[in-house]
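Visitor: The structure is given below, and queries will be raised subsequently.
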Amino acid sequence: MFNESNIPIDDRLLISRAARVLERTGLAMAGAMIGIFVAAQLARTNVALFNTFGFIVLTVLSGLIGFYLGVNIPRLPNTLNGRRSNVDPVEWLSAAGTLLAALAALVSVYALVFDEVLQRVWEFVIGSWWAVGVIMQTSAGLAAEQLPKRPSALTIN
Numbered sequence: 397m398f399n400e401s402n403i404p405i406d407d408r409l410l411i412s413r414a415a416r417v418l419e420r421t422g423l424a425m426a427g428a429m430i431g432i433f434v435a436a437q438l439a440r441t442n443v444a445l446f447n448t449f450g451f452i453v454l455t456v457l458s459g460l461i462g463f464y465l466g467v468n469i470p471r472l473p474n475t476l477n478g479r480r481s482n483v484d485p486v487e488w489l490s491a492a493g494t495l496l497a498a499l500a501a502l503v504s505v506y507a508l509v510f511d512e513v514l515q516r517v518w519e520f521v522i523g524s525w526w527a528v529g530v531i532m533q534t535s536a537g538l539a540a541e542q543l544p545k546r547p548s549a550l551t552i553n
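According to our numbering, the stretch in the sequence shown is residues 397 to 553, in order.
Written out as structure tokens, the structure is:
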């Protein structure tokens, strides 16, 4: 029978790191896919900038980077600077960014699937949600990397 305690700690850490990379890679691929949907919806606006290869690549790469960095933020310990804290601003920044990016994708996919023509102002709102969302995710991910080491979501007992 498999017994986790028989695996050396170094191997468990390697397995944990590999699982984290796999998870973040999958999330990055989801972010890239969401970026494709948003780019496709924005390209329908007939705005010259949105209909370029460079814009589409930028949208896909920003989704890839934002979702890789920003959706797997380790939890902040319950104490911050010696005080008890229940609010983690980095976690909130990541969560809000993910929500905005996903909302932009939801509206984009809906409009594409049902062939809805959105008013131009809504196209720019969707683009803004996407841009702000992935910027928030990326900022949260970079901030989490700069903070003192936090306990990982994949802790080993």
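The C-beta atom is built at its ideal place from N, Cα and C for all residues, glycine as well. All of these numbers come straight from a predicted model, not from anything done at the bench.
Report the CB separation of T534 from G462 in whole angstroms; it is logged as a contact under 8 angstroms.
Guide: As a first step, residue 534 must be located in the sequence shown, where it is residue number 138. As a first step, residue 462 must be located in the sequence shown, where it is residue number 66. Yes, T534 and G462 are in contact; Cβ-Cβ is about 5 angstroms, under 8 angstroms.
Visitor: Compute the Euclidean distance between the alpha carbons of I552 and A415, then round it to the nearest angstrom.
Guide: Looking up residue 552 in the sequence shown gives position 156. Looking up residue 415 in the sequence shown gives position 19. Low local confidence applies: a pLDDT of 44 at I552 is under 50, so the model's placement there is unreliable, and no value is given.
Visitor: So for E487, helix, strand or coil by DSSP?
Guide: Counting from 1 along the sequence shown, the entry for residue 487 is found at position 91. Looking at E487 - three-state DSSP - the assignment turns out to be helix.
Visitor: DSSP three-state label for N447, please.
Guide: To locate residue 447, count along the sequence shown from 1; it is residue 51. Three-state result, N447: helix.
Visitor: How is the alpha helix (DSSP H) around T534 delimited, first residue to last?
Guide: Taking the first residue of the sequence shown as position 1, residue 534 is located at position 138. Note, T534: alpha helix (DSSP H), 516 to 542.
Visitor: Output yes or no for whether 8 angstroms exceeds the beta carbon distance between A586 and N447.
Guide: Past the boundaries of the shown model lies residue 586; the chain is included only from 397 to 553, so the question cannot be answered.
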